[in-house]
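Participant: Residue numbers (my numbering): 68 to 322. First the structure, which I've put down as structure tokens, then a few questions once you've had a look.
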């Protein structure tokens, strides 16, 4: 059995061949920019596998994410931007540097210390305890990360009841909003409060909303089939009639 280092070398060789003169036309055509959607897609597929607790799929999806790392590193080498070994070296150095309580003399993990180290790495004299956030994250994930960071330094609700009260308060404020800018602002506040609630309930709001969307699609498809089975046209039914089919599908799910 090959050692880990030898296996990684084999993977790099396969990647170079795919990008080589006699390689795959699709692989050869890819760039850092063209691969961006696949990075996001593979990350979500890994999350889905973890949710399903499917170890075989988790292994496969981790491989797909590793492929993205190798793909980008190979492109960078071709463009004389950096070498793959530099990616690994930088990661090792960062892990050691950001864990002085493991690799140094400091005692215990501190989120504030973590952010301080990151700020110094980036040449920032001042740092926010809420951290430097990636604004490219999906909005729900960004809100969750903001709240987690604030909670890590003690700025948080105490009980889930407090968060529920906040959600109700935001619903009331949304009902009272008059202008479109006010409505947009209050709706955002409501979403932010719901993300906080999800955090207290130990739910990832991004995953939860995705599951709700998938459930809606499945129910809608079942509703279409039920209508077709009854010999009716979907477009010919009014909302009340469609809602009866919707409720029927929901009842069948509970059986």
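For glycine and all other residues, C-beta sits at the position ideal for the given N, C-alpha and C. In this text, all values refer to a predicted model and were calculated from it rather than measured experimentally.
Roughly how many angstroms lie between the CA atoms of residue 255 and residue 84, to the nearest whole one?
Facilitator: About 49 Å.
Participant: Near residue 204, which residues of its chain fall below 7 Å by C-beta distance, leaving aside the five closest residues on each side in sequence?
Facilitator: Only 212 meet the Cβ criterion.
Participant: Would a C-beta distance cut-off of 7 Å place residue 294 and residue 312 closer than the cut-off?
Facilitator: Yes, they are a contact pair.
Participant: Let's see if you can read the secondary structure: which residues bound the alpha helix (DSSP H) around residue 137?
Facilitator: Unbroken alpha helix (DSSP H) run through residue 137: 122 to 145.
Participant: Whole-angstrom Cβ separation of residue 195 and residue 273, contact assumed at under 8 Å?
Facilitator: With 8 Å as the limit, residue 195 and residue 273 do not qualify as a contact, their Cβ atoms being about 23 Å apart.
Participant: For residue 214, collect the residues of the same chain with a Cβ closer than 7 Å to its Cβ; drop the 5 residues on either side in sequence, then sort them by chain order.
Facilitator: So the qualifying residues of the chain are 262, 263, 266.
Participant: How would you label residue 163, buried or exposed, when you count the other beta carbons within 10 angstroms and need 16 or more for buried?
Facilitator: Classification for residue 163: exposed.
Participant: Quick one: measure Cβ to Cβ for residue 227 and residue 268, integer angstroms, because I've assumed they're closer than 8 Å.
Facilitator: With 8 Å as the limit, residue 227 and residue 268 qualify as a contact, their Cβ atoms being about 7 Å apart.
Participant: Would you mind reading off the limits of the alpha helix (DSSP H) that contains residue 250?
Facilitator: Looking at the DSSP string, the run of the alpha helix (DSSP H) that includes residue 250 is 247 to 267.
Participant: With C-beta atoms as the reference, is residue 168 less than 7 Å away from residue 175?
Facilitator: Against a cut-off of 7 Å, the Cβ pair of residue 175 and residue 168 comes out as a contact.
Participant: DSSP three-state call for residue 160: helix, strand or coil?
Facilitator: Helix.
Participant: Are the CB atoms of residue 127 and residue 113 nearer to each other than 7 Å?
Facilitator: Not a contact, by the Cβ cut-off of 7 Å.
Participant: By the DSSP assignment, the alpha helix (DSSP H) with residue 173 in it spans what residues?
Facilitator: Here residue 173 belongs to no alpha helix (DSSP H), and DSSP marks it neither H nor E.
Participant: Using 8 Å as the cut-off, can you tell me whether the stretch 79 to 95 makes contact with the stretch 131 to 147, which would need three or more C-beta pairs spanning the two stretches below that distance?
Facilitator: Touching, yes, given that three or more Cβ pairs across the two stretches are closer than 8 Å.
Participant: Alpha carbons only, please: which of 104, 119, 151 is nearest the one belonging to residue 72?
Facilitator: Minimum Cα distance to residue 72 is reached at 151.
Participant: Return the chain-ordered list of same chain residues with a C-beta closer than 7 Å to the C-beta of residue 179, the five sequence neighbours on each side being excluded.
Facilitator: Excluding positions up to five away in sequence, the list reads 196, 220.
Participant: Let me know the secondary structure DSSP gives residue 226 once reduced to three states.
Facilitator: Residue 226: coil per DSSP, three-state reduction.
Participant: Is the beta carbon of residue 260 closer than 7 Å to that of residue 237?
Facilitator: Their beta carbons are under 7 Å apart, which means residue 237 touches residue 260 by this criterion.
Participant: Just to confirm, is the Cβ distance from residue 252 to residue 241 under 7 Å?
Facilitator: No, Cβ-Cβ distance for residue 252 and residue 241 is not below 7 Å.
Participant: Exposed or buried, which one is residue 96 when buried takes at least 16 other CB atoms within 10 Å?
Facilitator: By the neighbour-count rule (16 or more Cβ atoms within 10 Å), residue 96 is not buried but exposed.
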